[in-house]
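Participant: Note that our numbering has the sequence shown beginning at 227, numbered continuously upward. From the three backbone atoms N, C-alpha and C, an ideal C-beta is built for every residue, glycine too. Just passing along the structure, written as structure tokens.
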Amino acid sequence: MRHTRVKDLLNGTNILHEVNAKGWVRTFRNNQFIALNDGSTINNIQCVVNFENTPEETLKRITTGAAISVTGNLVESKGAGQKYEIQVTKLKILGDSDAEKFPMQPKKHSLEFLRENAHLRVRTNAFGAIMRIRSVLSFAVHNYFQQKGFVYVNTPIITGADAEGAGEMFQVTSLPLENLPKNEEGNIDYKKDFFGKHTNLTVSGQLEGETFAMALGQIYTFGPTFRAENSNTSRHLAEFWMIEPEVAFNNLDDNMDLAEDFIQFVIKYTMEKCPDDLKFLEGRLLEEEKSKPQAERSEMTLLEKLNFVLENNFKRVSYTEAIDILRDSTPNKKKKFQYIINEWGADLQSEHERYLVEKHFKSPVILFDYPANIKAFYMRLNEDGKTVRAMDILFPGIGEIVGGSQREERFDVLVEKMRVLGISEEELWWYLDTRRFGSAVHSGFGLGFERLVLFVTGMTNIRDVIPFPRTPQNADF
Ligand code: 4AD
Ligand code: MG
Numbered sequence: 227m228r229h230t231r232v233k234d235l236l237n238g239t240n241i242l243h244e245v246n247a248k249g250w251v252r253t254f255r256n257n258q259f260i261a262l263n264d265g266s267t268i269n270n271i272q273c274v275v276n277f278e279n280t281p282e283e284t285l286k287r288i289t290t291g292a293a294i295s296v297t298g299n300l301v302e303s304k305g306a307g308q309k310y311e312i313q314v315t316k317l318k319i320l321g322d323s324d325a326e327k328f329p330m331q332p333k334k335h336s337l338e339f340l341r342e343n344a345h346l347r348v349r350t351n352a353f354g355a356i357m358r359i360r361s362v363l364s365f366a367v368h369n370y371f372q373q374k375g376f377v378y379v380n381t382p383i384i385t386g387a388d389a390e391g392a393g394e395m396f397q398v399t400s401l402p403l404e405n406l407p408k409n410e411e412g413n414i415d416y417k418k419d420f421f422g423k424h425t426n427l428t429v430s431g432q433l434e435g436e437t438f439a440m441a442l443g444q445i446y447t448f449g450p451t452f453r454a455e456n457s458n459t460s461r462h463l464a465e466f467w468m469i470e471p472e473v474a475f476n477n478l479d480d481n482m483d484l485a486e487d488f489i490q491f492v493i494k495y496t497m498e499k500c501p502d503d504l505k506f507l508e509g510r511l512l513e514e515e516k517s518k519p520q521a522e523r524s525e526m527t528l529l530e531k532l533n534f535v536l537e538n539n540f541k542r543v544s545y546t547e548a549i550d551i552l553r554d555s556t557p558n559k560k561k562k563f564q565y566i567i568n569e570w571g572a573d574l575q576s577e578h579e580r581y582l583v584e585k586h587f588k589s590p591v592i593l594f595d596y597p598a599n600i601k602a603f604y605m606r607l608n609e610d611g612k613t614v615r616a617m618d619i620l621f622p623g624i625g626e627i628v629g630g631s632q633r634e635e636r637f638d639v640l641v642e643k644m645r646v647l648g649i650s651e652e653e654l655w656w657y658l659d660t661r662r663f664g665s666a667v668h669s670g671f672g673l674g675f676e677r678l679v680l681f682v683t684g685m686t687n688i689r690d691v692i693p694f695p696r697t698p699q700n701a702d703f
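Shown next, in the form of structure tokens:
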């Protein structure tokens, strides 16, 4: 008999029929009650074993972590906590588990411990829930753009361009590191490298994405992104996934509208599809909050926070207004910020972003029109000559979740900017062609997928929302 997934069994459509279920034992109580989980849902199905008819040998092997197959009738349960259960008639151990050594014991483990066991942590309730939500969120991303007629573009992972001009890239090479070929000037001869040039893992698909937007109108990318920034924070990964839509003829306001609508859609979609997982994570977060001092506790539960984002427009505030607010803020005056805001032009740190969102506006915020010299080269220069049409979306508990802009579509202005910043025109000849041939106003943004998953799951460390995190000094698994 083909097995039925636990999620479907718990819907109770096969009631009073013989069913088969396969999964992993979470707990086994009183030599009688198995809580079986197969990953289809956070909920376990209770399997009632007739211990008088089951050999002692078999009973001993039903331990936490073991893989089993059970066959029996699906009936209404008299026990509290579940509606249906399986009255087991046949039980097969598919794979034993060394119960004493199994790291995922039915008790609370620290997140640090679970990170060291990332290959098994997905067998816990929390990580099962997080990973199912991650999957649904990524489907929601495609769903949103596909339904709006965006074209999904797979931009290259290996590239010669530094899209963000930040220089924090992982080099890709097949040259022998212990014996690098040198040219006549004594420099490394990249002509001998695999691609005949210096290449990196991409920090963004935007530049290639723009070329497609200037033909297909509206596109999006969704792929892995790599940054060798040595920031060991709870919001940075060296390998993360980014979603980058790019739209021809959109200005910055259209860009903000798109980003807001998109974020609200994917959150709403996930709330509809994952009620059990979210409810579990909400409870988890409440527990965690209890251990914090009163002042640091969140005023809202997880679901309240998600609903808040759906029901309220994001506050749109210019960089200049934000600086005024920050300069006059209590933590700035009392020198509580690590970086004191003195003047216009300062780059905002995550402490400032979070102050604006969590303390001042108490709402997601879109900051726009940043000083040109703290933003990337491709952003459109405003008439004032000193700010660019940039926008960052800031979220509570996260800080920056989206970075985007209206792009500089004027060839001369763009070339001049690249010249000032020392960005090679030769290297980016193809990017400049989009401004040579049929240039037009266009805009786009990048959403850090893991930061979105952080927000939706209420987790606080980005290492806990990606299956196998890559961070400085850590590439296990
Ligand atoms: O602000 P960023 O650097 O923007 C870009 O890369 C643009 N090319 C996007 C565009 O306009 N198409 O990065 C975009 C987002 C950030 O807001 C953040 O959410 C996420 O990517 N991000 C990271 N997430 C995890 N770990 C890191 N190291 C990240 N760096 C950026
Ligand atoms: Mg940014």
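1) Counting Cβ pairs closer than 8 Å, one from the segment 313 to 321 and one from the segment 230 to 243, do we hit at least three?
2) Do A389 and S430 have their C-beta atoms within less than 8 Å of each other?
3) Within 10 Å of its beta-carbon, does K643 have 16 or more other beta-carbons around it, so buried, or fewer, so exposed?
4) Which residues in the same chain have their Cβ closer than 8 Å to the Cβ of F637, if we skip the five residues on either side of it in sequence?
5) Any heavy atom of the ligand 4AD inside 7 Å of the beta-carbon of R453?
6) Around the Cβ of A701, are there at least 16 other Cβ atoms within 10 angstroms (buried) or fewer (exposed)?
7) G629: beta carbon under 7 Å from a heavy atom of the ligand MG?
8) Let me make sure I understand the geometry here. Which of H462, E434 and E404 has the alpha-carbon closest to that of P382?
9) With DSSP as the reference, label V641 as helix, strand or coil.
10) Can you give the beta carbon distance from G629 to G672, rounded, assuming they're within the 8 Å contact cut?
11) Could you give the DSSP three-state label for M526: helix, strand or coil?
12) Which residues does DSSP pair with P471 in a beta bridge?
13) Compute every distance between the C-beta of E626 and the non-hydrogen atoms of the ligand MG, then say whether any falls below 7 Å.
14) Could you check which residue in N409, H586 and E634 has the C-alpha nearest to that of K601?
15) Using CA coordinates, which residue listed in K531, I384, T230 and K541 is at the minimum distance from F452?
16) Would you say T290 and T253 are within 8 Å of each other, going by their C-beta atoms?
17) Can D618 be considered in contact with the ligand MG, in the sense that its beta carbon sits closer than 7 Å to one or more heavy atoms?
18) Can you have a look at I566 and say buried or exposed, based on whether 16 or more other CB atoms are within 10 angstroms of its CB?
19) What is the rounded straight-line gap between the Cα of T297 and the Cα of T280?
20) Work out the CA separation of G443 and T239 for me, nearest whole Å.
21) Just to confirm, is the Cβ distance from P693 to M330 under 8 Å?
22) Nearest to R615 by alpha carbon, out of P695, L285 and N477?
23) Throw me the rounded Cβ distance for the T697 and N458 pair, which I believe falls under 8 Å.
24) Excluding the 5 residues preceding and the 5 following L346 in the sequence, name in chain order all residues of the same chain whose CB lies nearer than 6 Å to its CB.
25) Are at least three pairs of beta-carbons, each pair with one atom in the segment 519 to 530 and one in the segment 401 to 420, less than 8 Å apart?
26) Using the rule of at least 16 other Cβ atoms within 10 Å of the residue's Cβ for burial, across every protein chain shown, is N256 buried or exposed?
27) Identify which residue in F259, Q397, E326 and G623 has its Cα closest to the Cα of N276.
28) Since M497 contacts M617 with CB under 8 Å, what's their CB separation in whole angstroms?
29) At a threshold of 7 Å, does A389 count as lining the ligand 4AD (C-beta to nearest heavy atom)?
30) Can you tell me where the alpha helix (DSSP H) with S364 in it begins and where it stops?
31) Along the chain, where does the alpha helix (DSSP H) containing G670 start, and where does it finish?
32) Note down, one range per segment and in chain order, each beta strand (DSSP E) of at least 3 residues found wholly within the segment 239 to 270.
33) Should E436 be labelled buried (16 or more other beta-carbon atoms within 10 Å of its own) or exposed?
34) Along the chain, where does the alpha helix (DSSP H) that runs through R553 open and close?
35) Mind listing, in chain order, the continuous alpha helix (DSSP H) runs of no fewer than 4 residues lying wholly within the segment 378 to 465?
Facilitator: In short:
1) no
2) yes
3) buried
4) L658, R661, R662 and S665
5) yes
6) exposed
7) yes
8) E434
9) helix
10) 6 Å
11) coil
12) Y446
13) yes
14) E634
15) I384
16) yes
17) yes
18) exposed
19) 13 Å
20) 46 Å
21) no
22) N477
23) 7 Å
24) P329 and M330
25) no
26) exposed
27) F259
28) M497 to M617, Cβ: 25 Å. No contact.
29) yes
30) N351 to Q373
31) Here G670 belongs to no alpha helix (DSSP H); instead the beta strand (DSSP E) covers H668 to G674.
32) 244 to 255 and 259 to 263
33) buried
34) Y545 to R553
35) 432 to 442
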